[in-house]
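*Asks:* Quick one: the structure is below, and I'll ask about it shortly.
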Amino acid sequence: MALKPDPPTQASMAKALNVSQQVLLRKDRWRKFIITDEAWIYLSDTNNKSKVQYLSRDQNRRDLTPSTTEPHPKGVMIWMGISANGVTKPRFVQTGAKINSEYYIQKILKPFLKDDYCRLYPNGGAVSHQDSASSHASRVTKKFLTDQQLQFLRSQQ
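For what it's worth, our numbering labels the leading residue of the sequence shown as 45, then goes sequentially.
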């Protein structure tokens, strides 16, 4: 009968985390990290309608009444990053978009690499840290990051 190893204790997990943090943060290594994530931002005091007015050149603004009401979302999802060298531009996720690997690469990572990475780290060498969302941790995304020669923390690190 094979013996099962004892599960890790809280103390052993805390010690392992502390050692990992010390290794990552010593000698200013933390300055090379770009931490990124997406989050929902909710708008308060909205009734989910936007009043739209159309103005032609011969109309007086005071005479206008709302011609239509259009629904708009109560919240928006944005992706951003922060590093010791500054912040990335916000990337707004399209309403109703399914964030899979393809969307993440095309709409988030490619613009990030084009606009932000070179500005924040002109000499390269930055390390990207993402959470383990499926679009971030997929083989396709990891291959894209590797092909772009962008270092990133793997989920087990």
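Virtual Cβ for every residue (Gly too), placed ideally from N, Cα, C.
For the alpha helix (DSSP H) containing T190, list its first residue and its last residue.
*Replies:* Sequence index remark: in the sequence shown, residue 190 carries index 146 (1-based). T190 -> alpha helix (DSSP H) spans 183 to 191.
*Asks:* Taking contact to mean at least 3 C-beta pairs separated by less than 8 angstroms, is the region 175 to 188 in contact with the region 140 to 153?
*Replies:* Enough Cβ pairs lie closer than 8 angstroms, so yes.
*Asks:* Just mark S172 as buried or exposed, buried being the case when its beta carbon has 16 or more other beta carbons within 10 Å.
*Replies:* Numbered from 1 along the sequence shown, position 128 holds the residue referred to as residue 172. S172 should be labelled buried.
*Asks:* Using a Cβ-Cβ cut-off of 8 angstroms (strictly less than) and excluding sequence neighbours within five positions of V184, which residues of its own chain qualify?
*Replies:* On the sequence shown, position 140 is the one that residue 184 refers to. The answer, listed in chain order, is S145, E146, I149.
*Asks:* Within the same chain, show all residues whose beta-carbon is closer than 7 angstroms to that of Q201, passing over the 5 residues directly before and after it, in chain order.
*Replies:* The count along the sequence shown starts at 1 and reaches residue 201 at position 157. Caution applies to Q201, whose pLDDT of 49 falls short of 50 and renders its modelled position unreliable; the value that the coordinates give is listed next. Hits under 7 angstroms: none found.
*Asks:* Can you tell me whether Y86 is buried or exposed? The criterion is at least 16 other CB atoms within 10 Å of its CB, across all chains shown.
*Replies:* For the purposes of this step, residue 86 is identified with residue 42 of the sequence shown, where counting begins at 1. Y86 is exposed by the Cβ-count criterion.
*Asks:* Can you give the Cα-Cα distance for Y219 and F156, rounded to whole angstroms?
*Replies:* The structure shown does not extend to residue 219, since the chain is modelled only from 45 through 201, so no value can be given for it.
*Asks:* Do E82 and M121 come within 8 angstroms of each other at the CB atom, strictly closer than that value?
*Replies:* Mapped onto the sequence shown, residue 121 falls at position 77. Mapped onto the sequence shown, residue 82 falls at position 38. Yes, they are a contact pair.
*Asks:* In the DSSP assignment, the beta strand (DSSP E) including I122 goes from what residue to what residue?
*Replies:* As a position in the sequence shown, residue 122 is number 78, starting the count at 1. From DSSP, the beta strand (DSSP E) with I122 extends over 119 to 127.
*Asks:* Please list, in chain order, all residues of the same chain as F77 whose beta carbon is under 6 angstroms from its beta carbon, the five residues on each side excluded.
*Replies:* For the purposes of this step, residue 77 is identified with residue 33 of the sequence shown, where counting begins at 1. These residues qualify, in order along the chain: V171, H173.
*Asks:* Please report how far the alpha carbon of R75 lies from the alpha carbon of G130, in whole angstroms.
*Replies:* Translated into positions along the sequence shown, residue 75 becomes position 31. Translated into positions along the sequence shown, residue 130 becomes position 86. Going by the C-alpha atoms only, they are around 11 angstroms apart.
*Asks:* Between which two residues does the beta strand (DSSP E) carrying W84 extend?
*Replies:* In the sequence shown, counting from the first residue as 1, residue 84 sits at position 40. 77 to 86 is the extent of the beta strand (DSSP E) around W84.
*Asks:* Starting from R135, trace the beta strand (DSSP E) both ways and give me its first and last residue.
*Replies:* As a position in the sequence shown, residue 135 is number 91, starting the count at 1. Looking at the DSSP string, the run of the beta strand (DSSP E) that includes R135 is 135 to 137.
*Asks:* Taking R215 as the reference, give the member of A128, Q138, P52, R73 with the closest Cα.
*Replies:* Beyond the ends of the chain as shown, which are 45 and 201, falls residue 215; an answer cannot be given.
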